[in-house]
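Novice:
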Amino acid sequence: MILHVGHVVSVAEGRKVGLSDVELNSAENLIAMCEECNLGLGKETIPIKNYVAILMARFKEADSK
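Take 188 as the starting number for the sequence shown in my numbering and just add one per residue.
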């Protein structure tokens, strides 16, 4: 399996809403993905269901510290 670094909010969609390159490439917007998933997204942002799951996991991790 080949791992890729993908964007939670795609570069294309992020630019449409005015996000900077710094914001788009920040650790908060990057995620490890398999090659198939990352390439399959193309210029799309990850599905909202997945985004919510990521946020919930990050909040849970922050609460446990």
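Quick reminder that beta carbons are idealized off the backbone N, C-alpha and C, glycines included.
1) If we call anything under 8 angstroms between Cβ atoms a contact, is I189 one with E222?
2) Using beta-carbon positions only, say whether I233 and V195 come within less than 8 angstroms of one another.
3) List, from N- to C-terminal side, the beta strand (DSSP E) runs of 3 residues or more that fit wholly inside the segment 216-252.
4) Assign G193 to one of two classes, buried (16 or more other C-beta atoms within 10 Å of its C-beta) or exposed (fewer than that).
5) For G227, count neighbouring Cβ atoms within 10 angstroms of its own Cβ and tell me buried if that reaches 16, exposed if not.
Specialist: According to the structure data:
1) Here residue 189 is taken as the residue at index 2 of the sequence shown, counted from 1. Here residue 222 is taken as the residue at index 35 of the sequence shown, counted from 1. Contact annotation: I189 and E222 have beta-carbon atoms nearer than 8 angstroms.
2) Reading the sequence shown from its first residue, position 46 is the one you call residue 233. Reading the sequence shown from its first residue, position 8 is the one you call residue 195. A contact, by the Cβ cut-off of 8 angstroms.
3) Within the segment 216-252, the complete beta strand (DSSP E) runs of at least 3 residues are 217-221.
4) Numbered from its first residue, the sequence shown carries residue 193 at position 6. The residue is buried, with at least 16 neighbouring Cβ atoms inside 10 Å.
5) Here residue 227 is taken as the residue at index 40 of the sequence shown, counted from 1. By the neighbour-count rule (16 or more Cβ atoms within 10 Å), G227 is not buried but exposed.
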